[in-house]
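In the numbering used here, the protein residues as written are 3 to 193. Here a beta-carbon is modelled for each residue, glycine too, at the ideal position from N, C-alpha and C. Since the structure is predicted, the reported quantities are computational estimates derived from the model, not experimental observations.
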């Protein structure tokens, strides 16, 4: 069963995953904590107000997910001895959970945070043809090699297509997995 993956807190609670702008209204304290991740660089501070073509909404109106099991990312980072916490958690979301929500694929590129998102970088997700990636894209592997050279630890999802889900996702009963657990891939492949 195809899925997408959302990086989350290992202590994730509740039965709904909300985009940041919905959190702002529903759970202001949680929003205040989560919005801090955009304060690490001047360019990232602009991301929350960035408009996403096709979905016709702002960056913070969508939930960001990956089309790749997170273990593949963790494995490549470990292979390059890039120090990362083995405890990073992800929510595995079966595609059927987002079937009724506007969803697009954003083809992220390597480099600084964008000033604008070009329409040709965003396409609608075709549920009938969706396939999870089974390898980390080459441009991302090249980026990891550059991180090693520069002794940096950031942008681990750069260059990986992002699945953008507009709206809240029901998550009751879904599995939280650790990106460092290879058995999660084996279990997933047997679904």
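As for any beta strand (DSSP E) of minimum length 3 sitting wholly inside the region 146-179, the runs are 164-168, ordered along the chain. When only Cα atoms are considered, residue 22 and residue 182 end up about 26 Å apart. Secondary structure of residue 116 (DSSP, three-state): coil. Beta-bridge partners of residue 96 (DSSP): 5. Looking at the backbone, the Cα of residue 55 and that of residue 144 are separated by about 28 Å. Secondary structure at residue 73: helix, using DSSP grouped into helix, strand and coil. Nearest to residue 112 by alpha-carbon distance, out of 93, 71, 122 and 140, is 140. The beta carbon of residue 29 is closer than 7 Å to none in its chain, skipping five residues each way along the sequence. Taking C-beta atoms under 8 Å as the contact rule, residue 165 and residue 127 qualify, at a distance of about 7 Å.
If you compare the alpha carbons of 93, 172 and 97 with that of residue 17, the shortest gap goes to 172.
Collapsing the DSSP output to three states places residue 135 in a strand. Out of 84, 118, 130 and 106, the CA that lies nearest to the CA of residue 68 is found in 106. Residue range 124-126 is occupied by the beta strand (DSSP E) that includes residue 125.
One alpha carbon belongs to residue 31, the other to residue 158, and they sit about 27 Å apart.
Fully enclosed alpha helix (DSSP H) runs of no fewer than 4 residues occupy 22-28, 30-36 and 44-47 of the region 3-47, in order along the chain. Non-local C-beta neighbours of residue 99 in its own chain, meaning closer than 7 Å and more than five positions away in sequence, comprise 171 and 172, ordered along the chain.
Residue 60 is bridged by DSSP to 53. Secondary-structure assignment with DSSP links residue 107 through a beta bridge to 125 and 165.
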